[in-house]
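So the protein lines, in turn, are chains A and B. Under this note's numbering, the first residue of the first sequence carries the number 140, and numbering increases by one thereafter. Under this note's numbering, the first residue of the second sequence carries the number 140, and numbering increases by one thereafter. Inspection log for the structure reproduced underneath, given as structure tokens.
2 protein chains.
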Amino acid sequence: MAIFNDFLRDRRRDELSSEDLQALEASVHAVQNVPARHSLAISKQPIGVSTYLIEGFICRYMDDREGVRQLVAVHVAGDFVDLHGYPLKRLDHDVATLGPCRIALVRHEAIDQLVRDRPNLTKLLWFSTLLDAAMHREWIFRLGRLDAVARVGHFFCEIEAKLRAVELSDGRQFSCPLTQADIGEACGMTSVHINRMLKELRERGLMHMQRGRVTILDLPALRRLSEFDPSYLFIGE
Amino acid sequence: MAIFNDFLRDRRRDELSSEDLQALEASVHAVQNVPARHSLAISKQPIGVSTYLIEGFICRYMDDREGVRQLVAVHVAGDFVDLHGYPLKRLDHDVATLGPCRIALVRHEAIDQLVRDRPNLTKLLWFSTLLDAAMHREWIFRLGRLDAVARVGHFFCEIEAKLRAVELSDGRQFSCPLTQADIGEACGMTSVHINRMLKELRERGLMHMQRGRVTILDLPALRRLSEFDPSYLFIGE
DNA sequence: CGACGGATTGATCTGCGTCAAATCTCGTGG
DNA sequence: CCACGAGATTTGACGCAGATCAATCCGTCG
């Protein structure tokens, strides 16, 4: 089947034995295509399946009182989007597609089986949920300590690094279906100000974005500006 | 020994069998007292032990380029502070005490044993690391979507709810060794502005804080102001 | 008593939000 | 093939929340 080709790719994938991988593949109970801007899971409902993202972009978010979104995560191919829903039993946030996606669904009873039989795989699944937590921490840092330009730069540095790990970025170009409003929801800013910051990054010769395509012109400089250190992504370990 | 008396208290503690609890207690290899403002773990170093907090307050934080701290978590009694270091093998942030603490240390080899033998306990340990991730998400929301008063209010609502779960708050009063500068580092604000917002909360009759003692005067109103919904803490489930 | 870290308050500055309008892009149907 | 409309992007003018700078006050401890 080869659904999990990108899972933990360029991270600890070598620790995944072929038996573990087979067991993981066998636990998939459905594969689906989902259109863009489509809700996948709603906060507080008990859930019994988790979603693995084969292709596309998915976000997780929370709404404030007025219904304004705050994204808390953006996922790309190879991410087990809401595996944390397995130990938690329900989610504390909503999940939705950004662009069109291809996803695999895994029932929690199947994961129970894996946890019972495969301590090594269990540790890797656990690891993958903690990668998300590490990204959350970096988002806290981004929102708490960086100014507007650096926030936007940092956001794209993260996306680029994640995409590169699954060979969807060559370090210069990648496609990314987010609107400026989406980026604003991720960075805690208005879309108007995102627009100005993108202009600034463009004029400084660091990066530009048009029609769902991002071009990074000077990655080292962009990372420096954004205080971006990719070690929290555990890539290449 | 009864070291883990507060672990997952008022959460899923009933799912912890007495054998699991015994195995957990047996895996502790040292108990220590640590003074206030003391560093416990440093970013990027490989680690082989995790820290369980028996008593006191601990924070996790990251520094920006100029060395200004951003807290990413505050821990209280009953928290397994850096259990996530077990699957990750190293930390992406620093850990330090806020006030004086009593901690228990658990070697990762001991946890390996637990993961191999005790799937149910493993799932609960996993769960506890994901509680931290849920709190991270709430911090992202706080920084991204709330204004200054609500940020401070939300922060204290969280601390209060966590302390109440281990009976260190009665819903009205609790002690909390954080300075206004610490709170600023948690909320992404300056200590000056924290001071003004505490004044505002005091004048509105919602809460006040003096010499390490917090008094909540109107919890429902404070929660309303701060858009605080404790369900992400999974208390009482 | 003096010193020092933390709390408090005032004055001023600025980064980003808000509001509003213009332009661009692309899908849809006549 | 063009007209239309919805959504996304871009730009300008203006206001304000929170930062910054700086001075004073307070409580604790040697």
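Positions of the beta carbon are idealized from the N, C-alpha and C atoms, including for glycine. In this text, all values refer to a predicted model and were calculated from it rather than measured experimentally.
Anything in chain B within Cβ reach of Glu-154/A, meaning under 7 Å, just list it in chain order.
Here residue 154/A refers to the residue found at position 15 of the first sequence. At a C-beta separation below 7 Å, Glu-154/A has no neighbours in chain B, since its nearest C-beta there lies roughly 11 Å away.
How far does the beta strand (DSSP E) with Ile-181/B in it reach, from first residue to last?
The sequence position of residue 181/B within the second sequence is 42, counting from 1. It is not in any beta strand (DSSP E) - Ile-181/B carries neither H nor E in the DSSP assignment.
Asp-271/A versus chain B: which residues are under 7 Å apart at the beta carbon?
Taking the first residue of the first sequence as 1, we reach residue 271/A at position 132. Those within 7 Å of Asp-271/A in chain B are Ala-272.
Are there three or more Cβ pairs, one per stretch, closer than 8 Å when the segment 185-200 of chain B is compared with the segment 228-243 of chain B?
Segments in contact, yes.
Compare the C-beta of Met-201/B against all C-beta atoms of chain A and say whether one is closer than 8 Å.
Within the second sequence, the letter at position 62 stands for residue 201/B. True, the Cβ-Cβ gap to chain A drops below 8 Å.
Please name the residue, chosen from Leu-337/B, Asp-221/B, His-177/B, that lies closest to Leu-356/B on a Cα-to-Cα basis.
Numbered from its first residue, the second sequence carries residue 356/B at position 217. Out of Leu-337/B, Asp-221/B, His-177/B, the CA that lies nearest to the CA of Leu-356/B is found in Leu-337/B.
Could you tell me which chain A residues have their CB closer than 7 Å to the CB of Pro-185/B, listed as they occur along the chain?
In the second sequence, the residue the question calls residue 185/B occupies position 46. In chain order: nothing, as chain A lies at least about 11 Å away.
Could you give the residue range of the beta strand (DSSP E) that holds Ser-365/A?
As a first step, residue 365/A must be located in the first sequence, where it is residue number 226. Premise fails: Ser-365/A is in no beta strand (DSSP E) and is neither H nor E.
DSSP puts Gln-319/A in a beta bridge; with which residues?
The count along the first sequence starts at 1 and reaches residue 319/A at position 180. DSSP lists no partner for Gln-319/A.
What is the DSSP secondary structure of Glu-194/A, counted as helix, strand or coil?
Residue mapping note: residue 194/A aligns to position 55 of the first sequence, counting from 1. Reduced to three states, the DSSP call for Glu-194/A is strand.
8 Å is my cut-off, CB to CB: does Phe-295/A come that close to chain B?
Within the first sequence, the letter at position 156 stands for residue 295/A. Taking Cβ atoms only, chain B never reaches closer than 8 Å to Phe-295/A, which makes this a no.
Output needed for Asp-309/B: all residues of its chain with C-beta closer than 8 Å, excluding positions within five of it in sequence on either side, in chain order.
Residue numbering aside, residue 309/B sits at position 170 when the second sequence is read from its first letter. Closer than 8 Å at the Cβ level, and outside the excluded window around Asp-309/B, lie Arg-303.
Scan the segment 276-296 of chain A for residues whose Cβ lies nearer than 7 Å to a Cβ of chain B and list them as they occur along the chain.
Arg-276, Trp-278, Ile-279, Phe-280, Leu-282, Gly-283, Arg-284
May I ask you to verify whether the segment 194-201 of chain A touches the segment 315-323 of chain A, counting CB pairs closer than 8 Å and requiring at least 3?
yes
Which whole-angstrom value is the C-beta distance of Ala-325/A and Phe-294/A, which I expect to be below 8 Å?
The residue given as residue 325/A occupies position 186 in the first sequence. The residue given as residue 294/A occupies position 155 in the first sequence. About 6 Å separates the two Cβ atoms, so the contact holds.
Among the residues of its own chain, which have a CB less than 7 Å from the CB of Ala-289/B, if the five just before and after it don't count?
Numbered from 1 along the second sequence, position 150 holds the residue referred to as residue 289/B. Cβ neighbours of Ala-289/B within its own chain (closer than 7 Å, five residues either side excluded): Leu-364, Ser-365, Glu-366.
Is the distance from the Cβ of Val-211/B to the Cβ of Val-234/B below 8 Å?
Residue 211/B sits at position 72 when you count from the first residue of the second sequence. Residue 234/B sits at position 95 when you count from the first residue of the second sequence. For Val-211/B and Val-234/B, no; Cβs fall outside 8 Å.
Based on Cα-Cα distance, which residue from Gln-184/A, His-214/A, Ala-162/A, Arg-362/A lies nearest to Lys-301/A?
Within the first sequence, numbered from 1, the residue matching residue 301/A stands at position 162. Looking at the Cα atoms, His-214/A is the closest of the given residues.
Quick one: is Ser-384/B near chain A, going by C-beta distance under 8 Å?
As displayed, chain B neither begins before 140 nor continues past 376, which places residue 384/B out of reach and without an answer.
Consider the C-beta atom of His-232/B and the heavy atoms of the ligand GTP; say whether any pair is separated by less than 7 Å.
Among the ligands in the structure shown, none appear at all, so the ligand GTP cannot be discussed.
Are the beta-carbon atoms of Val-305/A and Ile-333/A separated by less than 8 Å?
On the first sequence, residue 305/A is found 166 positions in, with the first residue counted as 1. On the first sequence, residue 333/A is found 194 positions in, with the first residue counted as 1. Not a contact, by the Cβ cut-off of 8 Å.
Secondary structure at Val-220/A, three-state DSSP: helix, strand or coil?
The count along the first sequence starts at 1 and reaches residue 220/A at position 81. Assignment of Val-220/A by DSSP, reduced to helix, strand and coil, places it in the coil class.
Could you check what DSSP says for Val-215/A in three-state terms: helix, strand or coil?
Residue 215/A sits at position 76 when you count from the first residue of the first sequence. Val-215/A: coil per DSSP, three-state reduction.
Give me the Cα-Cα distance between Gly-351/A and Ala-273/A, rounded to the nearest whole angstrom.
Taking the first residue of the first sequence as 1, we reach residue 351/A at position 212. Taking the first residue of the first sequence as 1, we reach residue 273/A at position 134. Their Cα atoms are separated by approximately 27 Å.
Using the C-alpha atoms, what's the distance from Ala-169/A back to Glu-248/A?
Taking the first sequence and counting its residues from 1, the one referred to as residue 248/A is at position 109. Taking the first sequence and counting its residues from 1, the one referred to as residue 169/A is at position 30. For Glu-248/A and Ala-169/A, the distance between alpha carbons rounds to 14 Å.
Where does Asp-256/A fall in DSSP's three states?
Taking the first residue of the first sequence as position 1, residue 256/A is located at position 117. Assignment of Asp-256/A by DSSP, reduced to helix, strand and coil, places it in the helix class.
Who are the near neighbours of Phe-425/A in its chain, counting only those whose CB is closer than 6 Å to its CB and skipping five residues on each side?
No answer is possible for residue 425/A: the residues shown for chain A start at 140 and end at 376.
Under 6 Å Cβ to Cβ from Gly-323/B, same chain only, skipping five residues before and after it: list those, please.
Looking up residue 323/B in the second sequence gives position 184. Excluding positions up to five away in sequence, the list reads Thr-329, Ser-330, Ile-333.
Report all residues from its chain with a CB closer than 8 Å to the CB of Leu-237/A; omit the five preceding and five following residues, and keep chain order.
Position 98 of the first sequence, counted from the start, is the residue given in the question as residue 237/A. Result list for Leu-237/A: Ala-175, Arg-176, Gly-195, Phe-196, Ile-197, Cys-198, Val-213, Pro-316, Leu-317, Asp-321, in chain order.
Closer than 8 Å, CB to CB, is Pro-369/B near chain A or not?
Here residue 369/B refers to the residue found at position 230 of the second sequence. No, Pro-369/B does not count as interfacial toward chain A.
What do you get for Gln-184/B, buried or exposed, if any count of 16 or more other CB atoms within 10 angstroms of its CB means buried?
Reading the second sequence from its first residue, position 45 is the one you call residue 184/B. Gln-184/B comes out exposed.
Closer than 9 Å, Cβ to any Cβ of chain A: which residues of the segment 156-181 of chain B, in chain order?
none
Using C-beta distances below 6 Å, list every residue in its chain close to Gln-171/B, excluding the 5 sequence neighbours before and after it, in chain order.
On the second sequence, residue 171/B is found 32 positions in, with the first residue counted as 1. Here the set comprises Ile-242.
By the DSSP assignment, the beta strand (DSSP E) with Arg-352/B in it spans what residues?
Residue mapping note: residue 352/B aligns to position 213 of the second sequence, counting from 1. Arg-352/B -> beta strand (DSSP E) spans 352-355.
Please name the residue or residues paired with Ser-189/B in a DSSP beta bridge.
For the purposes of this step, residue 189/B is taken as residue 50 along the second sequence, with counting starting at 1. Partner(s): Val-245/B.
Measure from the C-beta of Gln-312/B to each C-beta in chain A and report whether the shortest distance is under 8 Å.
Walking along the second sequence from the start, residue 312/B turns up at place 173. So no, Gln-312/B is outside the interface.
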